[in-house]
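Each residue of the sequence shown is one higher than the one before, counting from -11 in this note's numbering. See structure below.
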Amino acid sequence: MTDTADSAWVSLFSGGKDSSWALYRALEDGLPVERLVTVHPAGDSYMYHVPATDLARLAAESIDIPLLEIEPDDFGAGDVRDAGVQGDRELEPLEGALAELDDELDGGVAGLVAGAVESEFQTSRIEGLSDRLDAELFAPLWQRDPVDLAESMLDAGFEIRIVSVSAAGLDETWLGRRLDADALADLRELNAEYGVHVLGEGGEFETLVTDGPHMDRPIELDYVTDWDGTRGSIRIEDAWLG
């Protein structure tokens, strides 16, 4: 790792487990993360975590790092049939915001922190973005074993809630469920039976980190569940820092 004493790092952050773990690892490694950046997609997205991103601001307050929020339109969803073209389009608002941060921060943006695990689609675009910013990329989850990653998160004291499900084997009882050792064991069984990814990398489920060693206060939630018979999500009615 290069000398980071006079550099500023930016962490791509949704509040979910993968981006939260990447941020935690960056802080543990001493990287000077000066901004969190959250993109709030208006609809479905190829590039970004979607559910509960509004809670990223509570997480950022608990972590005590300033948050930059990007609220683009729907990226022209439906206008483009090619996934690659759509992914490039979705990257544009993020790249514009990071270019502005590069001008704003002392020394510019020296590095990006990302929580990619297996998605070459996402990672290749973030790598290209890093290159265009002349920034390093720290992606500590990339190509790691998903069970090892999940166990590391739990061992570190992460409290993780499942906020949406969209896969065979994941029913309404998973909504709001804490991702603990028992849930991980169940996910491993579902992986064997249905092919559900243990970390939800294929979009099978999405998460929210409500507490962790990098947070000063936990996020408390009041919510109801929305379930259509095959997929669903939690609808948060109130959230606050404990």
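Using N, Cα and C, we set each Cβ at its ideal position, and we do this for glycine too. Since this is a predicted model, take the numbers as computed values, not measurements.
Using only the alpha-carbon positions, how far apart do residue i and residue j sit?
i: L194; j: G95; result: Before going further, note that residue 194 is Glu rather than Leu in the sequence given. Going from the Cα of E194 to the Cα of G95 covers about 35 Å.
i: H238; j: I51; result: Residue 238 lies beyond the stretch modelled for the chain, which goes from -11 to 230, so this question has no answer here.
i: I53; j: P20; result: 10 Å
i: R69; j: A48; result: In this predicted model, R69 has a pLDDT of only 49, less than 50, meaning its place in the structure is not dependable; the value taken from the coordinates is given anyway. C-alpha separation (whole angstroms): 35 Å.
i: L142; j: L172; result: 10 Å
i: E108; j: L187; result: 16 Å
i: W(-3); j: G18; result: 11 Å
i: R166; j: L93; result: 37 Å
i: E189; j: E106; result: 7 Å
i: S8; j: R23; result: 13 Å
i: E80; j: Q131; result: 26 Å
i: F1; j: G217; result: 30 Å
Return the bridge partner residues of residue i from the DSSP annotation.
i: E147; result: D199
i: V212; result: R223
i: G99; result: W(-3), E124
i: V153; result: F193, G220
Starting from residue i, follow the alpha helix (DSSP H) in both directions and report where the run begins and ends.
i: L56; result: Taken as a continuous stretch (DSSP letters only), L56 belongs to no alpha helix (DSSP H), being part of the beta strand (DSSP E) at 55 to 58.
i: F109; result: 108 to 121
i: L178; result: 169 to 182
Could you give the first and the last residue of the continuous beta strand (DSSP E) run that contains residue i?
i: R45; result: Where R45 is concerned, there is no enclosing beta strand (DSSP E), although the alpha helix (DSSP H) it sits in stretches over 44 to 51.
i: D204; result: Per DSSP, D204 belongs to no beta strand (DSSP E) and is neither H nor E.
Contact between the segment 118 to 131 and the segment 77 to 96 (3+ Cβ pairs under 8 Å): yes
The segment 203 to 210 touching the segment 178 to 191, judged by at least three CB pairs closer than 8 Å: no
At least 3 beta-carbon pairs within less than 8 Å: the segment 141 to 153 vs the segment 217 to 224: yes
Inter-stretch contact at 8 Å, needing at least 3 Cβ pairs: the segment 111 to 118 / the segment 10 to 20: no
Ranges of the alpha helix (DSSP H) found wholly within the segment -3 to 32, counting only runs of at least 4: 5 to 16
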